[in-house]
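Engineer: As they're listed, the protein sequences go chains A and B.
Just so you know, we're using our numbering here: the first sequence kicks off at -13 and counts up by one.
Just so you know, we're using our numbering here: the second sequence kicks off at 3 and counts up by one.
Positions of the beta carbon are idealized from the N, C-alpha and C atoms, including for glycine.
There's a structure below that I have some questions on.
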Amino acid sequence: MNPMPASYLWFIPLLPFAGFLINGTLGRRLPRAVVGTVALFFTALPAALVAWLWMTMCAAGAPSSIESVIRPSGYEWIAITGFHADFAFSVDHLTMIMLAVVTGVGFLIHIYSVGYMGHEEGTWRFFAYLNLFMFFMSVLVLAANFLLLFVGWEGVGLCSYLLIGFYFKKTSAANAGKKAFIVNRIGDFGFLLAMFLLIAHFGSLGFTQVFSAIAQHPEWQDAQFLTAIALLLVLGAAGKSAQIPLYIWLPDAMEGPTPVSALIHAATMVTAGVYMVARCHVLFNSSPVALTVVACIGAATALFAASIGMVQHDIKRVLAYSTISQLGYMFLACGVGAYAAGIFHLLTHAFFKALLFLAAGSVIHALSGEQDMRKMGGLRTRTPITFWTMSAGVFAIAGIPPFAGFFSKDEILYRTFTSPNPLHIVLWLAGLLTAGMTSFYMFRLWFKTFFGEPRVDPHANAHHSIHESPWIMLLPLCILALFSVAGGWIGIPAALGGNNGIERFLGPVFANGAAGEAVVSTSGHGLELALAAISVLVALGGFYIAYVFYCEKPGTAAALAERHQPAYNLVNHKYWVDEFYNASLITPLLMFTRGVLELVFERGVVNGSARASASATRGLAWLTRKQISGNIRSYAGWLAIGAAAVIAVMVFGNSLWGHL
Amino acid sequence: MVPTAYYLILAAMLFSIGIAAFLIKRNVITIFISIELMLNAVNLTFVAFAHMWHQVSGQIFVFFVMVVAAAEAAVGLAIILSIFRTRQTLNVDEIDLMKS
């Protein structure tokens, strides 16, 4: 096969953009089938291009050579003295994995959406936004400098906003969109400041320039400006990837259509923060402080979100908190220097979380829009394919071997345990506890949805029987289920007889980083096996508890909640974080806005100046209007005064001005 | 030989009387007459200066002014007549159509 010409790289983002233009401008007048076909066509082509790119790379043999093979020269974008930025794309191993996730999973979700959104109003709008998202996400992962990455970063945020608020007639959906957008702004503010600092210190935003400059200056290790840049980037990543303290937008984002939750709020966009941290690993490795912050944020978020996920009743919210928790895992991996493990988890998570969301969508579809798990149950026989595919996803995320999630999660836990970070035991314990909780809440979801007695409200579904979804929705589920089962096998660690392919594959990217690298070689396989056994035991423990609570003795959970009322309330109300933010930030801000900005500035300064100019004009008009009295003698008087003034100027003026 | 200054003082007095009458009087015809008075005051200065400088152009100007004043008197009296016909008054304080 011929290698893919580097210039074709431009088509990967531009094709979905073409789809967006077609559907966005003409979609309203096109029939549904054409809209869906256009959207599918313009996402299938980039997927095919990425496949070609992979084949090119595999044919080239040594994977380390691709970076030089495919690096299109950019078109100049900004060129001023002392700074310039290009429309430049670069491809390395990390980008290849991200591209595969974005175009591959993206394409599958597009197929699913054709079935899922078939009955909805405004399908053209949905597909236009979805294609626009694919455009921006491809730009984000292909960008060769921070500025272009930021363009993609903001673009996906915009698409996220548009798609969360897709049902904009629903107030909660419109509000959720705004919340997501505003919370992301806080993170983007950090990202922007980081870029300003980068320009100030490096004079460039190109990845190559910045990272090679850092590599050439070993004395910059621990430098304060690098820590500042890294921490600001973490703020940006925390916003996009829904980490503490900016995670609050993601659960609300579930107001969007389910395929959107799968694509944007599980598989791709929210992993952009992890991608960005991994991309900047050179920078982060120079700043142990920032790395520790990343690890702590990740571990705290993982634990925190998992505990909330255990008590949610809305099937999509459980998955949303699960996503936050898993993103925390990826952050934890990056924070302990195990970037490859983080990206590995990103990859497997993209498969199984997209699968879980799509399967949940299929369940919701089957129940004609019911999302409350208390009104589900016994769907195993009614929707068998959804059940089996979702089971693959549940087992994968719970970390049961040999499903995909086991390998990536285990790798992260192992790397955390062996990391040189002084907090590594605490971080590892948090990760392990999270793994147990994850297993519990996923099996809780599984049992409540598919097992036991059907609790479906008979009135709500009187006219609509429970039905399996059409094949166009099941096909992506089956493909994703396959990946959820087998996707982890590319990273089987050496201790289990594998060769950890993904780590080797990403090796050239993270070669100069990987704080844990030295430890890996010294510690034996025994430790790794023991840790794996512990995490499997914890996962099985979660499974067992969920089984007892929701299958064997269904009343146990409620009784337990009753007995530990305060603790249950705390978790059930999501630790009152939204309320805390409301009271501590939003209310004072609103009070400041209404009290100071509106009363003093808006009414005082803005309205005041407008009124002042109006009344000044009116006063002047009043003065001049007085002259137009209609009284001839007063005109004559003014005339006489004017003539006298002219004469006075003519007579005395010269002597007056002569002195000036 | 009367000094030029006397003519000028007389002209200034006539002009001032004209202005005063113009401003004080309410009857349009009186106002009209005061305008004529001012014009003639100016004419007097023209003639006085022409005599002083032995220049004929000042006297020619006076003829121009007289011609214009005659035309103006014709037009002005016509306007006054039509005002009186429509409003039955010549009091300027009551002729205030342009008052805003």
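Which word fits THR157 (chain A), buried or exposed, when buried means at least 16 other C-beta atoms lie within 10 angstroms of its C-beta?
Structural biologist: In the first sequence, residue 157 (chain A) corresponds to position 171, counting from 1. Its Cβ having fewer than 16 others within 10 Å, THR157 (chain A) is exposed.
Engineer: Please state if the CB of GLY259 (chain A) and the CB of SER311 (chain A) are separated by a distance shorter than 8 Å.
Structural biologist: Within the first sequence, residue 311 (chain A) is the residue found at index 325, counting from 1. Within the first sequence, residue 259 (chain A) is the residue found at index 273, counting from 1. Not a contact, by the Cβ cut-off of 8 Å.
Engineer: Less than 7 Å between C-beta atoms, sequence neighbours within five positions excluded: which residues of the same chain meet that for PHE28 (chain A)?
Structural biologist: One-based indexing of the first sequence puts residue 28 (chain A) at position 42. Here the set comprises LEU1, PRO2, ALA4, GLY5 and ASN117.
Engineer: Please state if the CB of PHE152 (chain A) and the CB of GLY22 (chain A) are separated by a distance shorter than 8 Å.
Structural biologist: By one-based count along the first sequence, residue 22 (chain A) stands at place 36. By one-based count along the first sequence, residue 152 (chain A) stands at place 166. No, Cβ-Cβ distance for GLY22 (chain A) and PHE152 (chain A) is not below 8 Å.
Engineer: Just to make sure I have the definition right: I need the residues of chain A whose C-beta is within less than 9 Å of the C-beta of LEU99 (chain B). Which are they?
Structural biologist: Numbered from 1 along the second sequence, position 97 holds the residue referred to as residue 99 (chain B). The contacting residues are GLY616.
Engineer: For a contact defined as C-beta to C-beta under 7 Å, what are the partners of ILE82 (chain B) on chain A?
Structural biologist: Stepping through the second sequence from its first residue, residue 82 (chain B) is reached at position 80. The premise fails here: ILE82 (chain B) is roughly 12 Å from chain A at the closest Cβ pair, so nothing lies under 7 Å.
Engineer: Where in the stretch 58 to 122 of chain A do unbroken runs of the alpha helix (DSSP H), each at least 4 residues long, occur, reported from the N-terminal end onward?
Structural biologist: With a minimum length of 4 residues, the continuous alpha helix (DSSP H) runs that stay inside the stretch 58 to 122 of chain A are 79 to 85 and 92 to 102.
Engineer: Less than 7 Å between C-beta atoms, sequence neighbours within five positions excluded: which residues of the same chain meet that for LEU492 (chain A)?
Structural biologist: Position 506 of the first sequence holds residue 492 (chain A). Around LEU492 (chain A): HIS79, LEU80, ALA326 and ILE329.
Engineer: Give the DSSP-derived three-state secondary structure of ALA634 (chain A) in the structure shown.
Structural biologist: Translated into the one-based positions of the first sequence, residue 634 (chain A) becomes position 648. ALA634 (chain A): helix per DSSP, three-state reduction.
Engineer: In chain B, which residues lie with their C-beta within 9 Å of the C-beta of ARG619 (chain A)?
Structural biologist: Here residue 619 (chain A) corresponds to residue number 633 of the first sequence, with the count starting at 1. Near ARG619 (chain A) (Cβ distances below 9 Å), the residues of chain B are PHE24, LEU25, ILE26, LYS27, ARG28, ILE33, VAL94 and ASP95.
Engineer: Could you have a look at ASN407 (chain A) and say whether DSSP puts it in helix, strand or coil?
Structural biologist: Locating residue 407 (chain A) in the first sequence gives position 421, where the first residue counts as 1. Three-state result, ASN407 (chain A): coil.
Engineer: Going straight from the alpha carbon of ILE83 (chain A) to that of TRP139 (chain A), what length do you get?
Structural biologist: As a working mapping, residue 83 (chain A) is identified with position 97 in the first sequence. As a working mapping, residue 139 (chain A) is identified with position 153 in the first sequence. Each residue's Cα considered, the two are about 18 Å apart.
Engineer: By the criterion of Cβ-Cβ separation under 7 Å, what are the contact partners of ILE21 (chain B) in chain A?
Structural biologist: By one-based count along the second sequence, residue 21 (chain B) stands at place 19. Near ILE21 (chain B) (Cβ distances below 7 Å), the residues of chain A are ALA626.
Engineer: For ALA281 (chain A) and GLY314 (chain A), which I take to be in contact (beta-carbon distance under 8 Å), what is that distance rounded to the nearest angstrom?
Structural biologist: Mapped onto the first sequence, residue 281 (chain A) falls at position 295. Mapped onto the first sequence, residue 314 (chain A) falls at position 328. That belief does not hold up - the Cβ atoms of ALA281 (chain A) and GLY314 (chain A) are roughly 10 Å apart, past 8 Å.
Engineer: Grouping DSSP H, G and I as helix and E and B as strand, with all else coil, what is ASP300 (chain A)?
Structural biologist: As a working mapping, residue 300 (chain A) is identified with position 314 in the first sequence. Three-state DSSP puts ASP300 (chain A) in a strand.
Engineer: Put ASP396 (chain A) into one of helix, strand or coil per three-state DSSP.
Structural biologist: Here residue 396 (chain A) corresponds to residue number 410 of the first sequence, with the count starting at 1. Helix at ASP396 (chain A).
Engineer: How should GLY502 (chain A) be labelled, buried or exposed, when 16 other C-beta atoms within 10 angstroms of its C-beta is the threshold for buried?
Structural biologist: Working through the first sequence from its first residue, we reach residue 502 (chain A) at position 516. Any answer about GLY502 (chain A) is weak, because its pLDDT of 42 lies below 50 and its placement is not dependable; what the coordinates show is given next. Classification for GLY502 (chain A): buried.
Engineer: Taking 8 Å as the CB-CB limit, is ALA605 (chain A) close to chain B?
Structural biologist: As a first step, residue 605 (chain A) must be located in the first sequence, where it is residue number 619. Note on identity: in this sequence residue 605 (chain A) is Gly, with Ala being the wrong assignment. So no, GLY605 (chain A) is outside the interface.
Engineer: Applying a beta-carbon distance threshold of less than 7 Å, which residues of chain B neighbour ALA622 (chain A)?
Structural biologist: Start at 1 with the first residue of the first sequence, and residue 622 (chain A) comes out as number 636. Here the neighbours are PHE24 and LEU25.
Engineer: Mind checking who ASP358 (chain A) pairs with in its DSSP beta bridge?
Structural biologist: For the purposes of this step, residue 358 (chain A) is taken as residue 372 along the first sequence, with counting starting at 1. In DSSP, ASP358 (chain A) forms a bridge with A:ASP300.
Engineer: Counting only runs of 4+ residues fully inside the stretch 162 to 237 of chain A, write out the alpha helix (DSSP H) ranges in chain order.
Structural biologist: Whole alpha helix (DSSP H) segments, 4+ residues: 193 to 202 and 210 to 226.
Engineer: Tell me the residue span of the alpha helix (DSSP H) that contains LYS612 (chain A).
Structural biologist: By 1-based counting over the first sequence, the position of residue 612 (chain A) is 626. Unbroken alpha helix (DSSP H) run through LYS612 (chain A): 594 to 613.
Engineer: Is ALA129 (chain A) helix, strand or coil when you go by DSSP?
Structural biologist: As a first step, residue 129 (chain A) is located in the first sequence; it is residue number 143 there, counting from the start. Looking at ALA129 (chain A) - three-state DSSP - the assignment turns out to be strand.
Engineer: By the 10 Å Cβ neighbour count, where 16 or more other Cβ atoms means buried, how is ALA252 (chain A) classified, buried or exposed?
Structural biologist: Locating residue 252 (chain A) in the first sequence gives position 266, where the first residue counts as 1. Buried, since its Cβ has 16 or more Cβ neighbours within 10 Å.
Engineer: Measure the C-alpha to C-alpha separation of LEU289 (chain A) and GLY13 (chain A) and round it to an integer number of angstroms.
Structural biologist: Taking the first residue of the first sequence as position 1, residue 289 (chain A) is located at position 303. Taking the first residue of the first sequence as position 1, residue 13 (chain A) is located at position 27. Computed Cα separation, rounded: 44 Å.
Engineer: For GLU514 (chain A) and PHE529 (chain A), I'd like the C-alpha separation in whole angstroms.
Structural biologist: Position 528 of the first sequence, counted from the start, is the residue given in the question as residue 514 (chain A). Position 543 of the first sequence, counted from the start, is the residue given in the question as residue 529 (chain A). When rounded, the distance between both Cα atoms is 23 Å.
Engineer: Taking DSSP's pairing of strands, which residues face ASN29 (chain B) in a bridge?
Structural biologist: Along the second sequence, one-based indexing puts residue 29 (chain B) at 27. DSSP, once it has assigned bridges, lists B:ASN93 as partnering ASN29 (chain B).
Engineer: For VAL169 (chain A) and chain C, any beta-carbon pair shorter than 8 Å?
Structural biologist: In the structure shown, chain C does not exist; the protein chains are A and B.
Engineer: Look up ASN485 (chain A) in the DSSP assignment and say whether it is helix, strand or coil.
Structural biologist: On the first sequence, residue 485 (chain A) is found 499 positions in, with the first residue counted as 1. Three-state DSSP puts ASN485 (chain A) in coil, outside helix and strand.
Engineer: LYS155 (chain A) by DSSP, collapsed to three states: which one?
Structural biologist: Start at 1 with the first residue of the first sequence, and residue 155 (chain A) comes out as number 169. Of the three classes helix, strand and coil, the one that applies to LYS155 (chain A) here is coil, per DSSP.
Engineer: Would DSSP call ALA4 (chain A) helix, strand or coil?
Structural biologist: Along the first sequence, read from residue 1 onward, the residue named residue 4 (chain A) stands at position 18. Residue state, collapsed to three classes: helix.
Engineer: Would the stretch 396 to 411 of chain A count as touching the stretch 336 to 352 of chain A if we require 3 or more Cβ pairs under 8 Å?
Structural biologist: The stretch 396 to 411 of chain A, when compared against the stretch 336 to 352 of chain A, does not touch it at the 8 Å Cβ threshold.
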